[in-house]
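Enquirer: Structure below; questions to follow.
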Amino acid sequence: MDGVSEDVLHEITRRTPGFHAWQDPQWLVHCHDAAAFVGEVGYTGLVAHPEVLEQLRADMRLDGWHDENQVEHFLTHLGERATAMLFRCTVCGAHLAHARRRRCPRRRGRLPR
2 MDGVSEDVLH
12 EITRRTPGFH
22 AWQDPQWLVH
32 CHDAAAFVGE
42 VGYTGLVAHP
52 EVLEQLRADM
62 RLDGWHDENQ
72 VEHFLTHLGE
82 RATAMLFRCT
92 VCGAHLAHAR
102 RRRCPRRRGR
112 LPR
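Counted the way the numbering used here counts, the sequence shown spans residues 2 to 114.
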C-alpha cells in the first residue's frame, strides 16, 4: 500500500478483517489513507456509483482492455463470475472499487491492440 503510514499499514494487515480473493487482495488507498472496505458488489451495486464504473473502465484500459464492448460486457456481468470490491474513502467519502479479473482477454494468443 503505497502512500500510507506504517500505522495504517499495520492496522490493515494485522487488525482489519480482510476479504477472500483468488488473486492477491488489493486494499485501496485514497486521500493518503486506507479506504474502508464496503463489500463485494456486482454491476447492480455499482450503478449507484457511476464514478466508480468510470474508474474501473479507466483501470481496465490501463490493464490492456482496448475493446470497449469487452469492457462493458465484463462490467455489466460483474456479480456472475467476477465481482468488484467496493471501498469508501474515510477522509472524503468517495467510493472506489477494484474488480477481480484476469488481465485483458487474449485472442489467438495475442493481446488485443
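Idealized CB from N, CA, C, for every residue including glycine.
Per DSSP, V39 is paired with what?
Expert: BP columns for V39 are empty, so no partner.
Enquirer: H33 by DSSP, collapsed to three states: which one?
Expert: coil
Enquirer: Rounded to whole angstroms, what's the CA-CA distance from H99 to T45? Just pull it up for me.
Expert: 15 Å
Enquirer: Report, in whole angstroms, the separation of the C-beta atoms of L47 and V53, which I expect to be a contact under 8 Å.
Expert: Yes, they are in contact, since the Cβ atoms of L47 and V53 sit about 5 Å apart, within 8 Å.
Enquirer: Taking the straight line between their C-alpha atoms, what separation do you get for G43 and G65?
Expert: 22 Å
Enquirer: Three-state secondary structure (DSSP) at H78?
Expert: coil
Enquirer: Quick one: Cα of C32 to Cα of D60, how far?
Expert: 18 Å
Enquirer: What does the Cβ neighbour count give for T91, buried or exposed, with the cut at 16 atoms within 10 Å?
Expert: exposed
Enquirer: Going by DSSP, what residue range makes up the alpha helix (DSSP H) through A59?
Expert: P51 to L63
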